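K.L.:
My structure is below; once you've seen it, I'll send some questions.
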Amino acid sequence: MFKEIRNKPQALFWAIALHILIVAVLLLSFQLTDRPDTAENTAIEVTLPEGTLPPEEPKTSEPERTALTATQDTSPAEVPPTTNTDTEAAEAAAAATAQAEAQRKALAESKVEAAREKAAAEKAAAEKAQQQAAAREKAAAERQETAAEERAKAEARRRAEARAETRRQALAEEKEAERKQALAASKAKAEASAKALAEKKAREKANAAAEAAAKAKSEAKAAAAAEAKAKAKAASEAKAEAAAKAKAEADAKAKSEALASKKAAEEEAQLAADRERWKAAEAKRKAAEEEARRAAAAAAGPSNSDLSSARAAWKSAVNRKIKANWNKPAERFGMSATIRLMISPSGGIQRFTLSCDGSAAFCESIKAAVHRSDPFPRPEYKELYNDTHVIKMD
Numbered sequence: 001m002f003k004e005i006r007n008k009p010q011a012l013f014w015a016i017a018l019h020i021l022i023v024a025v026l027l028l029s030f031q032l033t034d035r036p037d038t039a040e041n042t043a044i045e046v047t048l049p050e051g052t053l054p055p056e057e058p059k060t061s062e063p064e065r066t067a068l069t070a071t072q073d074t075s076p077a078e079v080p081p082t083t084n085t086d087t088e089a090a091e092a093a094a095a096a097t098a099q100a101e102a103q104r105k106a107l108a109e110s111k112v113e114a115a116r117e118k119a120a121a122e123k124a125a126a127e128k129a130q131q132q133a134a135a136r137e138k139a140a141a142e143r144q145e146t147a148a149e150e151r152a153k154a155e156a157r158r159r160a161e162a163r164a165e166t167r168r169q170a171l172a173e174e175k176e177a178e179r180k181q182a183l184a185a186s187k188a189k190a191e192a193s194a195k196a197l198a199e200k201k202a203r204e205k206a207n208a209a210a211e212a213a214a215k216a217k218s219e220a221k222a223a224a225a226a227e228a229k230a231k232a233k234a235a236s237e238a239k240a241e242a243a244a245k246a247k248a249e250a251d252a253k254a255k256s257e258a259l260a261s262k263k264a265a266e267e268e269a270q271l272a273a274d275r276e277r278w279k280a281a282e283a284k285r286k287a288a289e290e291e292a293r294r295a296a297a298a299a300a301g302p303s304n305s306d307l308s309s310a311r312a313a314w315k316s317a318v319n320r321k322i323k324a325n326w327n328k329p330a331e332r333f334g335m336s337a338t339i340r341l342m343i344s345p346s347g348g349i350q351r352f353t354l355s356c357d358g359s360a361a362f363c364e365s366i367k368a369a370v371h372r373s374d375p376f377p378r379p380e381y382k383e384l385y386n387d388t389h390v391i392k393m394d
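Counting from 1, position 8 in the sequence shown corresponds to residue 8 in full-length UniProt numbering; the numbering is continuous, with no gaps.
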């Protein structure tokens, strides 16, 4: 009933208005109706139908009209009792009042029901809002959980990529070591061949130089013997001439003696010149032998022991320079890093990788130290530029 009233409030309004109008008409009719005058009015007899009247029930609507049969009495006028009319009016007024009261109660009940339903609706709305807030909080929590899962997945991917990179670097290092080993073997073989060829050429050159020296020495000795023989012959001739001209003039003798002295000096000078030429030839031979030895050594390249010593010294110098340029952060307990560095022939960075297990400040300080150390110390041998420096930082 209340739902029907709530759904159709206009019907309730018109029903209440109709009942109020009926009550007003009844009250107005009672006030405007004149009292019956016994002297003027004709008595009317009211005859009710036979049978027992049913008990009167409470009326919630307009009272039904009872069928009355009125007959006019032509008998002498009698004074009708006035109490019946007053009673009926009172009953009608009471019925109207009861009906109005019932309508008022119904309206009040409908208002109470409407208020109760409104409170229920507000409560439902509040519960719905609370549920929506809980749903939003749950959605936010789910989003946070999803974001945390995404971050965890991203971290897992990063670690997997780091492990893959580590494996890739290890494989690359193994391949590089194999390549270097093959290169070293090939280089050692080439060095051995070059050394053997250089030694052969050196021996041939030394033999040629020795032969040339021996030939020069023999020629010098023959020249000296011929000169000595010529000198002896000249001396003999001079002596014979001197003997023949012993008694020659003093000037001729003096001239002959002077000539002999001059000739002796020239011969001595010639001998000295021959000795110098021989010394020069010997020095030239020795220089040629030394040059051949140096050329053979240069063609053969540095020995493995020389390379090992030079490599150790070079790596130590690079390590010292990087650590000297490292501004160590205050917080580095438990942190470590590994530098892999290749240096170009110009002394710059050819390739640089850093495996760092520490804070961002720790890793950045190591990168800065490496870049501040450019240019790096240079090795003694150019063959060492292919080396990769592995430096631990902690």
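A virtual CB, placed ideally from N, CA and C, is assigned to each residue, including glycine. None of these values were measured; they are calculated from a predicted model.
Alpha carbon to alpha carbon, how far is Gln-31 from Glu-113? Give it in angstroms, no decimals.
P.N.:
Within the sequence shown, residue 113 is the residue found at index 113, counting from 1. Within the sequence shown, residue 31 is the residue found at index 31, counting from 1. Those two C-alpha atoms are separated by around 38 Å.
K.L.:
For Pro-377 and Tyr-385, I'd like the C-alpha separation in whole angstroms.
P.N.:
For the purposes of this step, residue 377 is identified with residue 377 of the sequence shown, where counting begins at 1. For the purposes of this step, residue 385 is identified with residue 385 of the sequence shown, where counting begins at 1. Their backbone Cα atoms lie some 11 Å apart in a straight line.
K.L.:
My output table needs one value for Asp-274: the three-state DSSP class, helix, strand or coil.
P.N.:
Along the sequence shown, one-based indexing puts residue 274 at 274. Looking at Asp-274 - three-state DSSP - the assignment turns out to be helix.
K.L.:
Report all residues from its chain with a CB closer than 7 Å to the CB of Gln-270; omit the five preceding and five following residues, and keep chain order.
P.N.:
Here the question's residue 270 lines up with position 270 in the sequence shown. Excluding positions up to five away in sequence, the list reads Glu-227.
K.L.:
Phe-352 by DSSP, collapsed to three states: which one?
P.N.:
Locating residue 352 in the sequence shown gives position 352, where the first residue counts as 1. Correct three-state label for Phe-352: strand.
K.L.:
Determine the extent of the beta strand (DSSP E) in which Arg-340 is found, giving its start and end residues.
P.N.:
By one-based count along the sequence shown, residue 340 stands at place 340. Start and end: 336-343.
K.L.:
From Lys-111 to Glu-150, what distance separates their C-alpha atoms?
P.N.:
Translated into the one-based positions of the sequence shown, residue 111 becomes position 111. Translated into the one-based positions of the sequence shown, residue 150 becomes position 150. Looking at the two C-alpha atoms, the distance is approximately 56 Å.
K.L.:
Tell me the residue span of the beta strand (DSSP E) that contains Lys-392.
P.N.:
Indexing the sequence shown from 1 puts residue 392 at position 392. Note, Lys-392: beta strand (DSSP E), 389-393.
K.L.:
Buried or exposed for Pro-379, please, with buried defined as at least 16 other CB atoms from any protein chain shown within 10 angstroms of its CB.
P.N.:
Translated into the one-based positions of the sequence shown, residue 379 becomes position 379. Buried: at least 16 other Cβ atoms inside 10 Å.
K.L.:
Assuming Ser-336 and Asp-357 are in contact, meaning their beta carbons sit under 8 Å apart, how far apart are those beta carbons, in whole angstroms?
P.N.:
Counting from one through the sequence shown, the residue named residue 336 turns up at place 336. Counting from one through the sequence shown, the residue named residue 357 turns up at place 357. Yes, they are in contact, since the Cβ atoms of Ser-336 and Asp-357 sit about 6 Å apart, within 8 Å.
K.L.:
Using the DSSP secondary-structure output, state which residues sit across from Asp-357 in a beta bridge.
P.N.:
For this step, residue 357 is matched to residue 357 along the sequence shown. Paired residues: Ser-336.
K.L.:
Please go through the stretch 158-225 and give each complete alpha helix (DSSP H) segment of 4 or more residues, from N-terminal end onward.
P.N.:
Runs found: none.
K.L.:
Give me the residue from Arg-332, Glu-127 and Arg-116 with the minimum Cα distance to Arg-6.
P.N.:
Indexing the sequence shown from 1 puts residue 6 at position 6. If we check each option's Cα against that of Arg-6, Arg-116 comes out closest.
K.L.:
Would the stretch 191-203 and the stretch 240-250 be scored as touching if the rule is three or more Cβ pairs under 8 Å?
P.N.:
Touching, no, given that fewer than three Cβ pairs across the two stretches are closer than 8 Å.
K.L.:
I'd like to know if the stretch 368-376 and the stretch 166-180 are in contact, where contact means that at least 3 CB-CB pairs between them fall below 8 Å.
P.N.:
The stretch 368-376, when compared against the stretch 166-180, does not touch it at the 8 Å Cβ threshold.
K.L.:
Runs of 4 residues minimum, wholly inside the stretch 228-276: which ones carry the alpha helix (DSSP H) assignment?
P.N.:
The stretch 228-276 contains no whole alpha helix (DSSP H) run of 4 or more residues.
K.L.:
Rounded to the nearest angstrom, what separates Leu-26 and Phe-13 at their Cα positions?
P.N.:
Here residue 26 refers to the residue found at position 26 when the sequence shown is read from its first residue. Here residue 13 refers to the residue found at position 13 when the sequence shown is read from its first residue. The straight-line gap from Cα to Cα measures roughly 20 Å.
K.L.:
Buried or exposed: Ala-209, going by 16 or more other Cβ atoms within 10 Å of its Cβ?
P.N.:
In the sequence shown, the residue the question calls residue 209 occupies position 209. Result: buried.
K.L.:
Is it buried or exposed, Leu-68, if we count other Cβ atoms within 10 angstroms and call 16 or more buried?
P.N.:
On the sequence shown, position 68 is the one that residue 68 refers to. Low local confidence applies: a pLDDT of 37 at Leu-68 is under 50, so the model's placement there is unreliable, and no value is given.
K.L.:
Would the beta-carbon of Met-342 fall within 9 Å of that of Asp-387?
P.N.:
Here residue 342 refers to the residue found at position 342 of the sequence shown. Here residue 387 refers to the residue found at position 387 of the sequence shown. Going by C-beta atoms, Met-342 is nearer than 9 Å to Asp-387.
K.L.:
Can you tell me where the alpha helix (DSSP H) holding Ser-309 begins and where it ends?
P.N.:
If you number the sequence shown from 1, residue 309 lands on position 309. From DSSP, the alpha helix (DSSP H) with Ser-309 extends over 304-324.
K.L.:
State whether the stretch 347-356 contacts the stretch 279-291, with contact taken as three or more CB pairs (one from each stretch) at a distance under 8 Å.
P.N.:
The stretch 347-356, when compared against the stretch 279-291, does not touch it at the 8 Å Cβ threshold.
K.L.:
Output the distance between the C-alpha atoms of residue 396 and Tyr-381, rounded to the nearest integer angstrom.
P.N.:
No answer is possible for residue 396: the residues shown for the chain start at 1 and end at 394.
K.L.:
Can you tell me whether Val-23 is buried or exposed, with buried defined as 16 or more other CB within 10 angstroms of its CB?
P.N.:
As a position in the sequence shown, residue 23 is number 23, starting the count at 1. Classification for Val-23: buried.
K.L.:
Using a threshold of 9 Å, state whether the C-beta atoms of Ala-360 and Glu-331 are closer than that.
P.N.:
Position 360 of the sequence shown, counted from the start, is the residue given in the question as residue 360. Position 331 of the sequence shown, counted from the start, is the residue given in the question as residue 331. The answer is no: Cβ separation not under 9 Å.
K.L.:
Measure from the alpha carbon of Pro-375 to the alpha carbon of each residue in Asn-325, Pro-329 and Ile-339, then state which is nearest.
P.N.:
If you number the sequence shown from 1, residue 375 lands on position 375. Here the closest residue by C-alpha is Asn-325.
K.L.:
Compare the C-alpha of Pro-302 against each of Ala-162, Ala-11 and Glu-191 and name the closest.
P.N.:
For the purposes of this step, residue 302 is taken as residue 302 along the sequence shown, with counting starting at 1. Selected option, being the one with the closest Cα: Glu-191.
K.L.:
Would you check if the distance between the CB atom of Ser-236 and the CB atom of Lys-245 is smaller than 9 Å?
P.N.:
On the sequence shown, position 236 is the one that residue 236 refers to. On the sequence shown, position 245 is the one that residue 245 refers to. Not a contact, by the Cβ cut-off of 9 Å.
K.L.:
Quick check: the Cα distance between Gly-348 and Arg-372, rounded to an integer number of angstroms?
P.N.:
Here residue 348 corresponds to residue number 348 of the sequence shown, with the count starting at 1. Here residue 372 corresponds to residue number 372 of the sequence shown, with the count starting at 1. Rounded to whole angstroms, Gly-348 to Arg-372 spans 11 Å at the Cα level.
K.L.:
Check this for me: beta carbons of Glu-289 and Lys-205, under 9 Å apart or not?
P.N.:
By one-based count along the sequence shown, residue 289 stands at place 289. By one-based count along the sequence shown, residue 205 stands at place 205. In contact: Glu-289 and Lys-205 (Cβ atoms closer than 9 Å).
K.L.:
Going along the chain, which residues of its own chain have a beta-carbon closer than 6 Å to the beta-carbon of Ala-96, five neighbours each way excluded?
P.N.:
As a first step, residue 96 must be located in the sequence shown, where it is residue number 96. For Ala-96, where only same-chain residues beyond five positions count, the Cβ hits under 6 Å are Val-23 and Leu-26.
K.L.:
Going by C-alpha distance, which of Ala-213, Glu-91 and Ser-344 is nearest Ala-287?
P.N.:
For the purposes of this step, residue 287 is taken as the residue at position 287 of the sequence shown. Nearest of Ala-213, Glu-91 and Ser-344 to Ala-287, Cα basis: Ala-213.
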